[in-house]
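Report on the following structure.
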Amino acid sequence: MSSVTVSPRTNRIISRTRLYLRILSFLLSASMVAVLGHTVGTYLDTKDGVVVDDRTGVILRVWLRNMKARPTYVLLIVSSVATLLSIGLIISNFWKTMRQITNISNLATALVCMIGVALWLGVGAYYKSDDILVSYTCGLSNATKVSKTVNMRALCIEMRYAWWIILVLGTLELASAGTVSWAMWAAKRKGTYSRI
10 MSSVTVSPRT NRIISRTRLY LRILSFLLSA SMVAVLGHTV GTYLDTKDGV
60 VVDDRTGVIL RVWLRNMKAR PTYVLLIVSS VATLLSIGLI ISNFWKTMRQ
110 ITNISNLATA LVCMIGVALW LGVGAYYKSD DILVSYTCGL SNATKVSKTV
160 NMRALCIEMR YAWWIILVLG TLELASAGTV SWAMWAAKRK GTYSRI
């Protein structure tokens, strides 16, 4: 096992920082799964629902007939996978090779972070630019007739929450990648760094 030589104290601080960032990432991605799961479940349960306008007697659909919700589905899938990967990475901290600051742990952290940042940026851009479900729910958040059937205001808040969590998760991945630089800097400062 080729290792990065840092002081035991620095090793402990960096490895704990990585673990705390991963736990926070797990909690946030799990909360996104719960929120989006509720949103998608509500949409699927009520997508054929109708309301009747008391004044005119006109029957109105609660949702558009061909609602474009694929970006929400993609985000739900990506956040589910991210949650499972975070669990795996948290469990991997039980092995000394991953817990200690080694070339293997640095490489694994850097790889996971690069993939994470790319995924969160990609799915975030897709979700923000192409999801009709977000704009529709937020556009109808004050519609009293529809809100008797579906609470659009709550769904709007949930979907906006998901957007902000995407940004936070991308930032957490960058912070985790920063721990690799920190470990390399600490090893270089001490004057020893084993090559991969």
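Numbering (this note's numbering), first residue to last: 10 to 205. From the three backbone atoms N, C-alpha and C, an ideal C-beta is built for every residue, glycine too. Treat the numbers as computed from the prediction; the structure is a model and nothing was measured.
Answer yes or no: the CB of residue i versus the heavy atoms of the ligand HEM, is any distance below 7 Å?
i     : result
ARG25 : Annotation note on the ligand HEM: not contained in the displayed structure, which lists no ligands.
Could you check how far apart the C-beta atoms of residue i and residue j are, in whole angstroms? I think they sit under 8 Å.
i      : j      : result
ALA192 : ILE23  : 5 Å
GLY179 : GLY133 : 7 Å
LEU37  : VAL126 : Their Cβ separation, rounded to whole angstroms, is 15 Å, which puts LEU37 and VAL126 out of contact at 8 Å.
THR26  : THR188 : 6 Å
To the nearest angstrom, how far is the alpha carbon of residue i from that of residue j?
i      : j      : result
TYR29  : VAL159 : 37 Å
ILE141 : VAL71  : 14 Å
VAL121 : SER101 : 13 Å
SER156 : ILE68  : 15 Å
LEU181 : THR65  : 52 Å
VAL15  : PHE103 : 20 Å
LEU128 : ASP62  : 43 Å
SER95  : ALA39  : 10 Å
ALA171 : LYS199 : 42 Å
LEU183 : GLY58  : 43 Å
ILE205 : PHE35  : Since pLDDT at ILE205 reaches only 47, below the 50 mark, its modelled position is unreliable, and the value read off the structure follows with that caveat. So the two alpha carbons sit approximately 29 Å from each other.
LYS105 : ARG162 : 47 Å
ASN112 : TRP194 : 13 Å
ARG74  : THR92  : 32 Å
ARG18  : LYS197 : 16 Å
ASP139 : LEU164 : 17 Å
TYR136 : LYS56  : 20 Å
MET10  : MET123 : Its pLDDT being 48, under 50, MET10 is placed unreliably in this model, and the value from its coordinates should be taken loosely. Approximately 23 Å between the Cα atoms of the pair.
Quick one, which of the options has its alpha-carbon nearest residue i's?
i      : options                           : result
TRP173 : PHE103, SER150 and LEU130         : LEU130
ASN115 : ARG70, LEU176, ARG198 and ALA186  : ALA186
ILE4   : LEU176, SER150, VAL177 and ILE175 : Lying outside 10 to 205, the shown extent of the chain, residue 4 is not represented and no answer is given.
SER89  : ALA152, LYS197, ILE175 and SER190 : ILE175
Spatial neighbours of residue i within its chain, please: C-beta separation below 6 Å, excluding the five flanking residues on both sides.
i      : result
LYS154 : VAL60
LEU98  : ARG31
Here's a check: name, in chain order, each residue in its chain whose Cβ is nearer than 7 Å to the Cβ of residue i, leaving out the five neighbours to either side.
i      : result
VAL143 : MET168
Enumerate in chain order the residues of its own chain whose CB-to-CB distance from residue i is below 8 Å, with the five nearest sequence positions on each side excluded.
i      : result
ALA119 : ALA186 and VAL189
Just checking, does the segment 47-54 make contact with the segment 72-91 on the three C-beta pairs under 8 Å criterion? In this structure the segment 47-54 touches the segment 72-91; the number of beta carbon pairs closer than 8 Å is three or more.
Taking one C-beta from the segment 81-89 and one from the segment 29-49 each time, how about it: are there three or more such pairs within less than 8 Å? Verdict: yes, contact present.
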